[in-house]
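For reference, the structure is listed below as structure tokens.
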Amino acid sequence: MKMDSKGPGSSAAGGIVDQAARDRRDRETSYRGMAMKLFPPICARCAREFEGKRLRELTVHHKDHNHDNNSPDGSNWELLCLYCHDNEHQREVEHARMERALGADHVDTRPVDTTPPLRHNPFANLATLIAQKKK
Ligand SMILES: [Zn+2]
Ligand SMILES: [Zn+2]
């Protein structure tokens with residue numbers, strides 16, 4: 000068996016991966032370019048200004064965290080420097096971790112575990128107890 004990188008099968012698969020990566024890169028650079036034209040080169044968090052080579056440190060953040068939501072009016076974009084962008088996503092991670100730690104019940108408006116105690120009504124029992132005491 001030959002695992003030759005020049006074989007027709009592997010080169011085709013490699014081509015697909017390359018193409019996907021290139022597409023993604025193109026998309027990323029294009030929305031970045033659009034955002035750069037829309038917004039001044041200033042970080043939306045720390046208000047640092049970027050120019051020249053340092054413009055690379057300014058990145059496009061998606062407010063709803065959906066990288067496919069690239070509204071041409073820039074409503075889903077925010078220019079953040081690498082540090083603030085990192086921070087922004089760290090907060091999201093912490094938030095998600097906290098939600099998970101609190102459990103699904105917390106997210107539900109009506110916790111599921113209130114139903115079982117209601118099935119055998121404690122007050123019905125109390126009424127019986129009172130009734131028994133009166134006798
Ligand atoms: Zn910043
Ligand atoms: Zn982001």
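Each residue of the sequence shown is one higher than the one before, counting from 0 in numbering that gives the first Met the number 0.
Built from N, CA and C at the ideal position, the CB exists for glycine as well.
Take the alpha-carbon of Thr-58 and the one of Arg-21: they are about 19 angstroms apart.
Within 6 angstroms of the C-beta of His-94 there is not a single heavy atom belonging to ligand 2. One Cα belongs to Arg-90, the other to Asp-63, and the distance between them is close to 13 angstroms.
Rounded to the nearest whole angstrom, the CA to CA distance from Ala-46 to Asp-17 is 37 angstroms. Closest by C-alpha distance to Arg-55, out of Leu-81, Gly-14 and Leu-37, is Leu-81.
When secondary structure is reduced to three states using DSSP, His-84 falls in the helix class. The residues Tyr-30, in chain order, have a CB closer than 6 angstroms to that of Asn-69 in the same chain once the five nearest residues on each side in sequence are set aside.
If you measure from each CB to the nearest heavy atom of ligand 1, the residues under 5 angstroms come out as Cys-42, Arg-44, Cys-45, Cys-80 and Cys-83. Phe-38 and Arg-26 have their alpha carbons spaced roughly 18 angstroms apart.
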